[in-house]
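Below is one structure, written out as structure tokens, with a few remarks after it.
Protein chains: 2
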Amino acid sequence: MKKVKLRVPATVANLVCGFDILGMAIHEPYDEMEIKLLDTPEIIIRHIDSFGLPQEPSKNVAGVVLQKIQEHLKLTKGFEAVIRKHIKPGSGLGSSAASAAGAAFGANILLKNILSKDEIIHFAMFGEELASGVRHADNIAPCIYGGITLVKSTQPIDIIPLNAPDLFVTAVHPQVEVKTSDSRQILKKSITLKSAVEQWGNIAGLVAGIQKNDFPLIGRSLNDVIIEPIRSILIPKFDEVKLKSLDLGALGGGISGSGPSIFMLAEKRDIAEKIAHLMKSVYDEIGIESYTYVSKINPTGIKIIEEA
Amino acid sequence: MKKVKLRVPATVANLVCGFDILGMAIHEPYDEMEIKLLDTPEIIIRHIDSFGLPQEPSKNVAGVVLQKIQEHLKLTKGFEAVIRKHIKPGSGLGSSAASAAGAAFGANILLKNILSKDEIIHFAMFGEELASGVRHADNIAPCIYGGITLVKSTQPIDIIPLNAPDLFVTAVHPQVEVKTSDSRQILKKSITLKSAVEQWGNIAGLVAGIQKNDFPLIGRSLNDVIIEPIRSILIPKFDEVKLKSLDLGALGGGISGSGPSIFMLAEKRDIAEKIAHLMKSVYDEIGIESYTYVSKINPTGIKIIEEA
Chain A
1 MKKVKLRVPA
11 TVANLVCGFD
21 ILGMAIHEPY
31 DEMEIKLLDT
41 PEIIIRHIDS
51 FGLPQEPSKN
61 VAGVVLQKIQ
71 EHLKLTKGFE
81 AVIRKHIKPG
91 SGLGSSAASA
101 AGAAFGANIL
111 LKNILSKDEI
121 IHFAMFGEEL
131 ASGVRHADNI
141 APCIYGGITL
151 VKSTQPIDII
161 PLNAPDLFVT
171 AVHPQVEVKT
181 SDSRQILKKS
191 ITLKSAVEQW
201 GNIAGLVAGI
211 QKNDFPLIGR
221 SLNDVIIEPI
231 RSILIPKFDE
241 VKLKSLDLGA
251 LGGGISGSGP
261 SIFMLAEKRD
271 IAEKIAHLMK
281 SVYDEIGIES
291 YTYVSKINPT
301 GIKIIEEA
Chain B
1001 MKKVKLRVPA
1011 TVANLVCGFD
1021 ILGMAIHEPY
1031 DEMEIKLLDT
1041 PEIIIRHIDS
1051 FGLPQEPSKN
1061 VAGVVLQKIQ
1071 EHLKLTKGFE
1081 AVIRKHIKPG
1091 SGLGSSAASA
1101 AGAAFGANIL
1111 LKNILSKDEI
1121 IHFAMFGEEL
1131 ASGVRHADNI
1141 APCIYGGITL
1151 VKSTQPIDII
1161 PLNAPDLFVT
1171 AVHPQVEVKT
1181 SDSRQILKKS
1191 ITLKSAVEQW
1201 GNIAGLVAGI
1211 QKNDFPLIGR
1221 SLNDVIIEPI
1231 RSILIPKFDE
1241 VKLKSLDLGA
1251 LGGGISGSGP
1261 SIFMLAEKRD
1271 IAEKIAHLMK
1281 SVYDEIGIES
1291 YTYVSKINPT
1301 GIKIIEEA
């Protein structure tokens, strides 16, 4: 095999109370990636609609991942990646994770599945390191495994795939910039034990709800008393979007990753669509352009579209 | 029906990383309780082997629960409770919860199941309030529901019954006194966000492991970076008991409730028995008397032995 075409999905990290441990794959938006095995040892990155992303391999998220794999396996062959990004960089919807996970996943197929899932995640994390300075797997893990994943540890890699409840996800990406570094810096370094206990009650409830497919339990567990009250300050109209979404029947939701995107879960497509409409109108009103996406939780993650 | 005889099990609260939210019913030790409906409005408590517990209803854990039920339902009838305690007060094995839960559960049967499970828990919590000053349900919930329970909230009561994994529990009760108030006071009021994130990764892993019956995952999630390092100081030989139990094949374990009892989980009875033997010998060596108990996780909680 010389070439593989992939559909690489967006992901929602944190999942409200699951700060730094939970992530979820969705269907929309997604990137298209084509990875080719080359007879020469070059790494070539070609972006279509690059959003200003660098194409030099060592400065490109997919590029460093492919370099690391090539290096580690002492390959004499190279890779070319053609990337059509639809997940916008800086959206909080796992754009860098998609490029990194897609590169590692695609290379592995071309190398006849030489890598385990955990090894794919290991290499993809070099892409996250380039993008944000942190080798985290919150978005990479659900991109690779699909559904909802728990990142119990990255050193060693310990990923627990959870269920993919049959729920709709509405995401809105308002066109404002929230730097991951800013949204991390404003967090308090210490918290009260009381709020931590409340938070881990919610996390335990969320994981139980996911595993039991208990949607009301998922809804009443999607509460974050620690991160959201602080980070949401950086996202215009966050409270209004959240409250109005709940009024429309959303089970719950919150900040996607470190923002500025916001996601909401709902049991029915028509509610999810109404939420998307509401989100757009809230941002239209204050003159902020926004993109909305409605899709189901994606149970399988990256999809192979074509192999040749 | 005039009389009901119950077997009311011990319970392990906290479950290491699940501080203040998780609890688990076991089979051994257990209390025997006989609750009778009286034609007169008296509340009578009779203890066999009372361990010095007061028998005056308003000062007795079972007594206040029966009083509250009588009051709330405006009953003209009364109750008599005959209690043979085997779960030692102050053991950290849910002794007060057993008396409280048994009283509420038994009264409800005599009143033809007039109360819901959550109402039984509501009334039983008055017993915990008398015993410790806190209306918590960490021990009452697993006593009533069986298995492992998540107390997501007590106001309103929101209890999530989890699975009862097919595991053995070894508990040791060393004869030292640890006051619940002391073990609560030495906790720090604030913790680092970093340690909280680690803790909730463990809690999420533990709940996922319980629901998936993934025993290795349960084992590697039974880690507490916040409470145990502080509270264990109050329990002689805690570290030695824990490390040697793990060496013998325990999946994991820690302080039961606020101590001084320690519990360990194991997949096989022979390992659980070896752990009991080890625990006893550690305390024998330093001249501290101890009691050990080996039983499975109790999937059903309080058991009706006789109705008449």
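Taken in order, these protein sequences are the chains called A and B.
Start counting the first sequence at 1; every next residue gets the next number (my numbering).
Start counting the second sequence at 1001; every next residue gets the next number (my numbering).
We treat Cβ as the ideally placed atom computed from N, Cα and C, and that holds for glycine.
Fair warning: this is a prediction, and the values are worked out from it, not measured in the lab.
Taking 6 angstroms as the limit between beta carbons, can you name the residues of its chain near residue i, skipping five residues before and five after?
i	result
D118(A)	I157
A308(A)	K3
E42(A)	G78
I109(A)	V4
T170(A)	M264, A272, I275, A276, V294
N139(A)	T11, A13, G23, G94, A97
P1216(B)	none
According to DSSP, simplified to helix, strand and coil, what is residue i?
i	result
G1052(B)	coil
A104(A)	helix
L37(A)	strand
A968(B)	Not covered by the structure: residue 968(B). The range shown for chain B is 1001 to 1308.
D1158(B)	strand
S1295(B)	strand
L1075(B)	coil
G1254(B)	strand
I271(A)	helix
V1061(B)	helix
P1260(B)	coil
G1133(B)	coil
D224(A)	coil
K1088(B)	coil
I203(A)	helix
D331(A)	The requested residue 331(A) does not occur in the structure, where chain A is confined to residues 1 to 308.
I1144(B)	helix
G219(A)	helix
G209(A)	helix
A1308(B)	coil
Using only alpha-carbon positions, find the residue among the options that is nearest to residue i.
i	options	result
T180(A)	I203(A), L217(A), S195(A), R231(A)	R231(A)
P57(A)	A81(A), L248(A), D39(A), V197(A)	A81(A)
R220(A)	A204(A), I227(A), R46(A)	A204(A)
K1303(B)	D1049(B), K1088(B), A1101(B)	A1101(B)
V1016(B)	G1201(B), E1129(B), N1213(B), E1071(B)	G1201(B)
V1178(B)	I1262(B), L1022(B), K1112(B)	I1262(B)
S116(A)	A10(A), I159(A), K36(A)	I159(A)
L1206(B)	V1008(B), P1009(B), R1007(B), F1019(B)	F1019(B)
Using DSSP's beta-bridge definition, name the partner residues of residue i.
i	result
S1290(B)	P1174(B)
A326(A)	Nothing about residue 326(A) can be reported from this structure: the residues present for chain A run from 1 to 308 only.
A1081(B)	I1035(B), I1045(B)
Y1283(B)	Answer is none; Y1283(B) lacks a bridge partner.
R7(A)	E32(A), K303(A)
V151(A)	I159(A)
S190(A)	T1192(B)
F1123(B)	F1123(B) pairs with nothing; no bridge assigned.
F1168(B)	A1266(B), K1296(B)
Tell me which same chain residues have a C-beta within less than 8 angstroms of the C-beta of residue i, skipping the five on either side of it?
i	result
I210(A)	I148, L162, N163, P165, I218
H122(A)	I157
S290(A)	V172, H173, P174, Q175, M279, K280, Y283, D284
F51(A)	K85, K88, P89
A62(A)	M33, I45, A81, I83, S99, A100, G102, A103, G127
K331(A)	This structure does not reach residue 331(A), given that chain A is present from 1 up to 308, and the question cannot be answered.
D239(A)	S232
L187(A)	I227, I230, R231
L222(A)	L15, V16, C17, N202, L206, L251, G252, G253, G254, L265
Excluding the 5 residues flanking residue i on each side, which residues of the same chain have their C-beta closer than 7 angstroms to its C-beta?
i	result
I1288(B)	P1174, Q1175, V1176, P1236
H1086(B)	P1029, Y1030, D1031
V1225(B)	S1195, E1198, Q1199
S1131(B)	Inspection of the sequence shows that residue 1131(B) is occupied by Ala rather than by Ser. If we look at A1131(B) and ignore the five residues flanking it on each side, its Cβ neighbours are V1061, S1096.
I1191(B)	I1226
E228(A)	V16, G254, I255
D39(A)	K77
A107(A)	I35, L66, I69, F79
V1134(B)	E1128
Say whether chain D places a C-beta atom closer than 9 angstroms to the C-beta of residue i.
i	result
C1017(B)	Note that chain D does not occur in the displayed structure, where the protein chains are A and B.
Given 8 angstroms, three or more beta-carbon pairs between the stretch 1262-1282 of chain B and the stretch 1142-1149 of chain B
no
Do three or more CB pairs link the stretch 1243-1261 of chain B to the stretch 1089-1108 of chain B at distances below 8 angstroms?
yes
Within 8 angstroms, do at least three Cβ pairs link the stretch 287-299 of chain A to the stretch 25-33 of chain A?
yes
Between the stretch 286-295 of chain A and the stretch 1056-1070 of chain B, can you find at least three pairs of beta-carbon atoms closer than 8 angstroms?
no
Below 8 angstroms, how does it come out for the stretch 1-15 of chain A and the stretch 42-60 of chain A: are there three or more Cβ pairs, yes or no?
no
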